[in-house]
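S.K.:
Residue numbers (our numbering): 71 to 152.
1) Using DSSP with H/G/I as helix, E/B as strand and the rest coil, what is residue 89?
2) Within this structure, are the beta carbons of residue 103 and residue 75 separated by less than 8 Å?
3) Which of the three DSSP states is assigned to residue 102 in this structure?
4) Alpha carbon to alpha carbon, how far is residue 121 from residue 87?
5) From this set, 83, 77, 79 and 119, which residue's C-alpha is nearest residue 98's C-alpha?
The structure is reproduced here in C-alpha coordinates:
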(Lines of atoms letter the chains of each structure in order from A and count residues from 1; the text may use other names and numbers.)
(Lines give C-alpha, C1' and ligand atoms only; values in the text may rest on other atoms or scores of the structure.)
Protein backbone atom coordinates (compact mmCIF):
# COMPACT_ATOMS: atom_id res chain seq x y z
CA UNK A 1 0.00 0.00 0.00
CA UNK A 2 1.45 3.34 -0.94
CA UNK A 3 1.19 6.66 0.81
CA UNK A 4 -1.45 7.83 -1.67
CA UNK A 5 -3.73 4.90 -0.91
CA UNK A 6 -3.29 5.50 2.81
CA UNK A 7 -4.25 9.16 2.43
CA UNK A 8 -7.24 8.19 0.29
CA UNK A 9 -8.43 5.74 2.97
CA UNK A 10 -8.02 8.40 5.63
CA UNK A 11 -10.06 10.93 3.63
CA UNK A 12 -12.86 8.46 2.92
CA UNK A 13 -12.80 7.36 6.55
CA UNK A 14 -12.99 10.96 7.78
CA UNK A 15 -15.95 11.63 5.51
CA UNK A 16 -17.76 8.56 6.82
CA UNK A 17 -16.84 9.23 10.43
CA UNK A 18 -17.53 12.96 10.63
CA UNK A 19 -19.58 14.16 7.64
CA UNK A 20 -22.13 11.45 6.86
CA UNK A 21 -25.15 11.58 9.15
CA UNK A 22 -27.15 8.94 7.32
CA UNK A 23 -27.56 5.60 9.06
CA UNK A 24 -28.39 2.07 8.07
CA UNK A 25 -29.67 -0.61 10.36
CA UNK A 26 -27.08 -3.12 9.21
CA UNK A 27 -24.01 -0.82 8.98
CA UNK A 28 -22.70 1.81 11.36
CA UNK A 29 -21.07 4.31 8.99
CA UNK A 30 -19.17 6.06 11.78
CA UNK A 31 -17.54 2.78 12.78
CA UNK A 32 -16.66 2.10 9.13
CA UNK A 33 -15.15 5.59 8.95
CA UNK A 34 -12.97 5.04 12.01
CA UNK A 35 -11.86 1.67 10.66
CA UNK A 36 -10.89 3.26 7.34
CA UNK A 37 -9.02 6.03 9.20
CA UNK A 38 -7.01 3.45 11.14
CA UNK A 39 -6.35 1.43 7.99
CA UNK A 40 -5.07 4.57 6.25
CA UNK A 41 -2.74 5.44 9.13
CA UNK A 42 -1.48 1.85 9.28
CA UNK A 43 -0.91 1.88 5.51
CA UNK A 44 1.13 5.08 5.67
CA UNK A 45 3.23 3.81 8.58
CA UNK A 46 3.88 0.49 6.82
CA UNK A 47 4.72 2.31 3.61
CA UNK A 48 7.35 4.41 5.39
CA UNK A 49 8.75 1.34 7.15
CA UNK A 50 9.03 -0.72 3.95
CA UNK A 51 10.49 2.17 1.97
CA UNK A 52 13.14 2.92 4.59
CA UNK A 53 14.00 -0.75 4.91
CA UNK A 54 14.59 -1.02 1.16
CA UNK A 55 16.85 2.03 1.11
CA UNK A 56 19.29 0.64 3.64
CA UNK A 57 22.32 -0.88 2.01
CA UNK A 58 24.73 -3.00 3.93
CA UNK A 59 28.21 -1.65 3.50
CA UNK A 60 31.55 -2.91 4.64
CA UNK A 61 33.24 -0.73 7.19
CA UNK A 62 36.62 -1.42 5.62
CA UNK A 63 37.46 -1.24 1.95
CA UNK A 64 38.23 -4.77 0.68
CA UNK A 65 41.65 -3.69 -0.59
CA UNK A 66 42.54 -2.21 2.80
CA UNK A 67 41.23 -5.33 4.53
CA UNK A 68 43.44 -7.55 2.34
CA UNK A 69 46.48 -5.38 3.09
CA UNK A 70 45.69 -5.59 6.82
CA UNK A 71 45.43 -9.39 6.58
CA UNK A 72 48.85 -9.59 4.88
CA UNK A 73 50.42 -7.39 7.55
CA UNK A 74 48.87 -9.51 10.32
CA UNK A 75 50.20 -12.73 8.77
CA UNK A 76 53.68 -11.25 8.46
CA UNK A 77 53.53 -10.07 12.04
CA UNK A 78 52.60 -13.57 13.24
CA UNK A 79 55.49 -15.10 11.31
CA UNK A 80 57.93 -12.62 12.85
CA UNK A 81 56.77 -13.52 16.39
CA UNK A 82 57.42 -17.21 15.80
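Even for Gly, the Cβ is constructed at its ideal location relative to N, Cα and C. Note that this is a predicted model, so its numbers are computed, not measured.
M.R.: So, from the listed chains and residues:
1) helix
2) Taking 8 Å as the Cβ cut-off, residue 103 and residue 75 do not qualify as a contacting pair.
3) helix
4) 29 Å
5) 83
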